[in-house]
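Q: Residue numbers (this note's numbering): 10 to 298.
Think of the CB as a built atom: it goes at the ideal place given N, C-alpha and C, for glycine as much as any other residue.
Pasting a structure here, questions to come.
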Amino acid sequence: MPTSVAHQQVLEWYADHRRLLPWREPGIGGWAVLVSEVMLQQTPVARVLPVYEAWMRRWPTASALAADTPGQAVRGWGRLGYPRRALRLHAAATVIDGEHTGVVPAAYDELRRLPGVGDYTAAAVAAFAYRQRAIVLDTNVRRVLARWRTGVQFPPRHVTATERARAEEVLPTDGDVAATWSVALMEVGALLCTATSPACAPCPVRDSCAWRVAGYPAYDGPPRRVQSYAGTDRQCRGRILALLRDSDEPIPAAAVTSVWDDAVQRQRALDSLLEDGLVVENDETLALP
Ligand code: SF4
10 MPTSVAHQQV LEWYADHRRL LPWREPGIGG WAVLVSEVML QQTPVARVLP VYEAWMRRWP
70 TASALAADTP GQAVRGWGRL GYPRRALRLH AAATVIDGEH TGVVPAAYDE LRRLPGVGDY
130 TAAAVAAFAY RQRAIVLDTN VRRVLARWRT GVQFPPRHVT ATERARAEEV LPTDGDVAAT
190 WSVALMEVGA LLCTATSPAC APCPVRDSCA WRVAGYPAYD GPPRRVQSYA GTDRQCRGRI
250 LALLRDSDEP IPAAAVTSVW DDAVQRQRAL DSLLEDGLVV ENDETLALP
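Given below as structure tokens:
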């Protein structure tokens, strides 16, 4: 199938089936896209939506967030998980406010210089907020491209130069169309080409999908990471942070014993929170920064 035909089919499918999400509204600004992309990195849309909406009501601009404390950002992050993202977003807001007159920069290189903004996030902001031609490779896009173009079930663990080159081969030349193409591939990955049960019948690239045509050969790469949560340090960190979020005042350090039984693991989790700057300790009390 020529790429132009695939473009047309994917874009038409997207126009008919896309979810209406606030960060995809036409003319959405750089700040809204940056916030949504940071939140969506490791968290599903359904969990992100209410937190995103509350966040944007409270901090509609980077400068509004920069004027608040990092601790308020952690509080506003709620239970989204991986709360270091809240601190990074606050740090990025501070730079945007101080060095970019409060406007999220449009240039990829400037975006990359913001604290905590990696290749994916910079490309996503350049594409979705500023309609530039950027290679946006999130988990969903990578999985669709691996199956459709390469004929394998899953992409490599980390983005490779070959993968980027293949993504660029099919990226439309016009910036605006390229941005819609990227979000459309994301949506194909999220709604049809899921990790465990792809729905090929309605897929807009089914006729040219190398993996489907080859008869769905089983994945034979290195073992894939399965994320667990229960019983992990991450869960323990989440409980400690929840305790602090629920309190307007610093809490006695000894209070954390109530949220986790294993003393060694509890201390390790607390130490890592202190090291990450998510919690501060003062006179045997703990508080958000
Ligand atoms: S045809 Fe199936 S496997 Fe191929 S990209 Fe579409 S949903 Fe994924």
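Going by the C-beta, is L201 closer than 6 Å to any heavy atom of the ligand SF4?
A: Because some heavy atom of the ligand SF4 lies under 6 Å away, the Cβ of L201 counts as near it: yes.
Q: Going by C-alpha distance, which of R215, A71 and A174 is nearest L43?
A: Among R215, A71 and A174, the Cα nearest to that of L43 is on A71.
Q: My understanding is that E319 touches L283, with C-beta atoms under 8 Å, so please give their C-beta distance in whole angstroms.
A: Here the chain comprises residues numbered 10 to 298, so residue 319 is not present and cannot be evaluated.
Q: Under 8 Å by Cβ, that's how I've got Q18 and V214 pegged, so tell me the actual separation to the nearest angstrom.
A: Confirmed, about 7 Å.
Q: Strictly by DSSP, which residues pair up with A296?
A: The partner list for A296 (beta bridge, DSSP) reads V289.
Q: I want to know whether the stretch 258-273 touches the stretch 213-229 - three or more CB-CB distances under 8 Å.
A: No contact exists between the stretch 258-273 and the stretch 213-229.
Q: According to the Cβ coordinates, are D242 and A272 closer than 7 Å?
A: The answer is no: Cβ separation not under 7 Å.
Q: Compare the Cα-Cα distances from F7 to each of S281, C245, W190 and A199 and report the closest residue.
A: As shown, the chain starts at 10 and ends at 298. That puts residue 7 outside it, with no answer to give.
Q: Buried or exposed: S237, going by 16 or more other Cβ atoms within 10 Å of its Cβ?
A: Burial call: exposed.
Q: A239: buried (16+ other C-beta within 10 angstroms of its C-beta) or exposed?
A: Under this definition A239 is an exposed residue.
Q: Grouping DSSP H, G and I as helix and E and B as strand, with all else coil, what is I260?
A: Correct three-state label for I260: strand.
Q: Indicate the three-state DSSP secondary structure (helix, strand or coil) for T69 in the structure shown.
A: Just to set this straight, residue 69 is Pro in the shown sequence, not Thr. It is coil, neither helix nor strand.
Q: Just to check, is the beta-carbon of W40 closer than 6 Å to a non-hydrogen atom of the ligand SF4?
A: No, the beta carbon of W40 sits no closer than 6 Å to any heavy atom of the ligand SF4.
Q: Per the contact definition of three or more C-beta pairs closer than 8 Å, is the stretch 79-92 in contact with the stretch 25-37?
A: Not touching, per the Cβ criterion.
Q: Expressed to the nearest angstrom, what Euclidean distance is found between the alpha-carbon atoms of P124 and R27?
A: Distance between the alpha carbons of P124 and R27 is about 31 Å.
Q: Tell me which residues share the same chain as A143 and place their Cβ nearer than 7 Å to its Cβ, disregarding the 5 neighbours each side in the sequence.
A: Excluding residues within five positions, the ones whose Cβ falls inside 7 Å are Y117, A132, A135 and A136.
Q: Can you tell me whether C245 sits near the ligand SF4, meaning its C-beta is under 6 Å from at least one heavy atom of the ligand?
A: Not under cutoff, so the answer is no.
Q: Helix, strand or coil for H26, going by three-state DSSP, please let me know.
A: If DSSP states are grouped into helix, strand and coil, H26 belongs with the helices.
Q: List the endpoints of the continuous alpha helix (DSSP H) containing L96.
A: R93 to E108 is the span of the alpha helix (DSSP H), which, as asked, contains L96.
Q: Quick check: is any heavy atom of the ligand SF4 less than 6 Å from the C-beta of V214?
A: Yes, the ligand SF4 has a heavy atom inside 6 Å of this Cβ.
Q: Cα-Cα, which of P69, L154 and N149 is closest to V113?
A: Cα-wise, what sits closest to V113 is P69.
Q: Skipping 5 residues on each side, what residues in its chain have a beta carbon closer than 7 Å to that of H99?
A: Excluding positions up to five away in sequence, the list reads L74, P79 and A82.
Q: For R166, name the three-state secondary structure that DSSP assigns.
A: The answer is coil: DSSP assigns R166 none of H, G, I, E or B.
Q: For R140 versus A188, is the C-beta distance shorter than 7 Å?
A: Cβ distance < 7 Å, so R140 and A188 count as in contact.
Q: Going by C-alpha to C-alpha distance, which of V222, G36 and W64 sits closest to V161?
A: Of the listed residues, the one whose Cα sits closest to V161 is V222.
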